[in-house]
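Inspection log for the structure reproduced underneath, given as structure tokens.
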Amino acid sequence: MKTVAPGKRTNIIKAQHGWHHTCERDAMFKETSDFQSKHTSTLCPFGCGESDYRWHFLRCDKSPIAAEVTRELSKLKAMFKRYKVQREMQSILLQRIKATLQRQRLTPMQLHDSTDPVLQAALDEQDVLGWDQFLLGRQSKRWEEVQQKEYSRLASQLPKNSKLPAHYKATVFSKMLIQESTYIALNRWQVHNEVAHTAITAKEYIRDRDKAKKKIQKLLAESRPDHIAFTRQIPVTTESLLSQPLDRMRDWIATWTATKAYLAPSLITTYTTT
């Protein structure tokens, strides 16, 4: 059974959320391992009553982010659209990830007889590897094989002497799939830590996070200069920004507010956008 090589997974994951600067990925694996080996009686900080066992943060239904699965998947959907991901594979990945995050029972899935057997093999392999592991970057190599066949199909439909866009490569798709799926896991891990290591309750955290989301929506709705300082801060989707941990939302609000203050003299001009 082939999976994306650990070295490649690490290189991709290091770029997520500045992990290569903060060593948060190492901390995530080390701390959850410590909880499991030394603190098996530690309770979940979200107040669900369960032990804070390894990877529990991915599935806890009391997590402040637990009800936001659709929003969490928005960046992954945007990536699928940009890289022309094979449609049936899109459906399978979204269904399996959503079920995993919502603690639904996963049962073997037999695809239609007309389905590419490589896609069935990819699904079967990932079911064995585990979908928690998928969100942590351990993904079957067969997903890449399915997408390579899709790009070959698209290329065969092009006019003579035409080529697919440069980013339509199975290796690039594989990298982006790991990047966007681990993005979901890291967001949940950071929310877990913000509640576990601060002197606030999960209820207070949810309240403060809701306030931050409303603030972000208000700021994005305001008129502003069509300036690169703003456009660089606008997320791929608003939903992807609103699914982030509280501290990251606060950082974004602070940066946006500072940019707005710095460009204040320009706010009286007529070239505004909404």
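Residue numbers 0 to 273, in numbering that gives the first Met the number 0, belong to the letters of the sequence shown in order.
Don't be surprised by glycine CBs; every beta carbon is placed ideally from N, CA and C.
In this text the structure is predicted, and so the values were computed from the model without any measurement.
Item                                                                                                                                                                               : Value
Alpha carbon to alpha carbon, how far is Q232 from M175?                                                                                                                           : 21 Å
Going along the chain, which residues of its own chain have a beta-carbon closer than 6 Å to the beta-carbon of I252, five neighbours each way excluded?                           : K214
Would you give the residue range spanned by the alpha helix (DSSP H) that D209 belongs to?                                                                                         : 201 to 220
Counting pairs of Cβ atoms below 8 Å between the stretch 77 to 97 and the stretch 47 to 67, do you hit three or more?                                                              : no
Whole-angstrom Cβ separation of A201 and F45, contact assumed at under 8 Å?                                                                                                        : 5 Å
Please state the DSSP three-state secondary structure of R277.                                                                                                                     : The structure shown does not extend to residue 277, since the chain is modelled only from 0 through 273, so no value can be given for it.
If I measure Cβ to Cβ from T170 and keep anything under 8 Å in the same chain, skipping five residues before and after, which residues do I get?                                   : E143
Would you mind listing the alpha helix (DSSP H) stretches within the stretch 34 to 71 that are 4+ residues and don't spill past its ends, in chain order?                          : 55 to 58, 68 to 71
Excluding the five sequence neighbours on either side, which residues of its own chain have a C-beta within less than 6 Å of the C-beta of T99, listed in chain order?             : W130
Please look up how many angstroms separate the CB atoms of L93 and L118, rounded, as I've assumed it's under 8 Å.                                                                  : The Cβ separation is near 14 Å, so there is no contact.
Report the three-state DSSP secondary structure of P224 (helix, strand or coil).                                                                                                   : strand
Figure out for me which residue from Q103, L122, Q101 has the closest Cα to the Cα of H111.                                                                                        : L122
Just to confirm my understanding: we take F172, look at its own chain, exclude 5 residues before and 5 after, and list those with CB closer than 6 Å. What are they?               : Y82, Q146
Could you give the DSSP three-state label for S113: helix, strand or coil?                                                                                                         : coil
Could you name the residues of the same chain whose beta carbon sits closer than 6 Å to that of M248, not counting the 5 residues immediately before and after it, in chain order? : A211
Cutting at 6 Å between CB atoms, please list the residues of its own chain near L218, excluding the five before and the five after it.                                             : W255
With a threshold of 16 other CB atoms inside 10 Å of the CB of L75, please say whether the residue is buried or exposed.                                                           : buried
Quick one, are the C-beta atoms of R141 and A165 less than 8 Å apart?                                                                                                              : no
Take the Cβ of P63 as the centre, count every other Cβ of all protein chains shown within 10 Å, and call the residue buried at 16 or more, exposed below.                          : buried
Roughly how many angstroms lie between the CA atoms of R102 and P158, to the nearest whole one?                                                                                    : 46 Å
Roughly how many angstroms separate the alpha carbons of E49 and L245, rounded to a whole number?                                                                                  : 23 Å
Please state whether DSSP places I233 in a helix, a strand or coil.                                                                                                                : coil
Could you tell me the alpha carbon to alpha carbon distance between A184 and V194, rounded to whole angstroms?                                                                     : 16 Å
Return the first residue and the last residue of the alpha helix (DSSP H) that H196 is part of.                                                                                    : Premise fails: H196 is in no alpha helix (DSSP H) and is neither H nor E.
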